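Take a look at the structure below.
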Amino acid sequence: MKALTLRPTWAWLVVNGHKVIENRSWPTRLRGRIWIHASSSRVTRAEYDGFLEVCRYRRIKKFPGRDDFRTGGIVGSVEVVDCVTRSRSYWFGGDYGFVLRNARRTRFKPMKGMLGFFEVRRP
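Quick look at the structure:
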């Protein structure tokens, strides 16, 4: 199954069903379930402040502390159901938006990520 690496804050929002579009500068024809990989980068103060703003705006009441994000591994999965160039979604803001549905968290599986989609054996 394919996987896609996201920053830890975005990965958390995706696998918890809050973020329903993933913005990219490139399109995809891929459809179906993919793994979500949280990058190994630590969450910066500025990044966490932005995450808190999103949580407040979207009325997300339960979320991890800055040092509580899982990093450097698979954190869940989601279905890619479309790739759009326009959307009224709060989450859309780029050239292409991968439309996401049916998010699932999974047990954390440490592994290195890659740019773009990459193949992962079942974690």
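Our numbering numbers the first residue of the sequence shown as 43 and each following residue consecutively. Cβ atoms here follow ideal geometry from the backbone N, Cα and C, with glycine treated the same way. From a predicted model like this one, the values you see are computed outputs, not experimental measurements.
| Asked | Found |
| --- | --- |
| Measuring only the C-alpha atoms, how far is residue 123 from residue 46? | 15 Å |
| In or out: residue 103 buried (at least 16 other Cβ within 10 Å) or exposed? | exposed |
| For a test of the three-state rule: what should DSSP assign to residue 92, helix, strand or coil? | helix |
| Buried or exposed: which applies to residue 157, given that a residue is buried once 16 or more other Cβ atoms fall within 10 Å of its Cβ? | exposed |
| Under 6 Å Cβ to Cβ from residue 143, same chain only, skipping five residues before and after it: list those, please. | 121 and 123 |
| Indicate the three-state DSSP secondary structure (helix, strand or coil) for residue 175 in the structure shown. | The structure shown does not extend to residue 175, since the chain spans only 43 to 165, so no value can be given for it. |
| In chain order, what residues of the same chain lie with their CB nearer than 7 Å to the CB of residue 119, ignoring the 5 residues before and after it? | 75, 76, 77, 78, 146 and 148 |
| Using 8 Å as the threshold, is the stretch 81–92 in touch with the stretch 55–70, meaning 3 or more CB pairs across them? | no |
| Which residue from 44, 99 and 65 puts its Cα closest to that of residue 129? | 65 |
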